[in-house]
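To start, the structure itself, in structure tokens.
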Amino acid sequence: MDEGLSCLGESGKQAVYFHLEKRFGIKKWEIAFRVEDFADALEKIFGPGAKLLEIQIMKSLYRKIGKPLRCDKKLQDLVFIEYVAAARKSFKWKKQAK
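Residues 407 to 504 (this note's numbering) make up the sequence shown, in order.
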């Protein structure tokens with residue numbers, strides 16, 4: 407998640423983490439376990455612009471697991487939570503295959 411938020415710059419990224427914790431009760435280390443809450447918080451902070459951040463985060467996650475990000479839906483229909491779940495599943499499968 408951290409790399410995806412880096413597109414905001416260091417101070418922007420830190421501001422997001424500050425608001426996540428103070429306004430939404432989501433600590434940085436909890437994001438991976440509270441993806442739905444994280445996505446809701448991004449939408450409340452950034453409105454429609456949250457989709458752009460979600461896409462950056464998804465690209466970063468998929469890069470980490472060595473897979474291309476496939477967007478089979480229209481950009482506005484991307485469901486962040488589904489992509490994160492798929493990335494997690496792929497990562498677990500990749501770890502087990504080693």
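Built from N, CA and C at the ideal position, the CB exists for glycine as well.
Q) Leaving out five residues before and five after L481 in sequence, what residues of the same chain have Cβ atoms less than 8 angstroms from its Cβ? A) Its pLDDT being 49, under 50, L481 is placed unreliably in this model, and the value from its coordinates should be taken loosely. Here the set comprises K457 and I461.
Q. Under the three-state reduction of DSSP, which class applies to L481: helix, strand or coil?
A. Any reading at L481 must be qualified, since the residue scores a pLDDT of 49, below 50, and its modelled position is unreliable; the value itself is stated next. In this structure, L481 counts as helix in the three-state DSSP scheme.
Q.
Please report the straight-line C-alpha distance between K473 and F424, rounded to a whole angstrom.
A. 31 angstroms
Q. Tell me which same chain residues have a C-beta within less than 7 angstroms of the C-beta of Y489, skipping the five on either side of it?
A. M464
Q | Element boundaries [alpha helix (DSSP H), containing I463] | A | A456 to K470
Q: Identify, in the order they occur along the chain, each residue of the same chain with its Cβ nearer than 7 angstroms to the Cβ of K428, setting aside the five sequence neighbours on each side.
A: none
**Q.** Supposed close pair D443, I451 - CB separation, criterion 8 angstroms
**A.** Not quite, the Cβ-Cβ distance comes to about 12 angstroms (not below 8 angstroms), so this is no contact.
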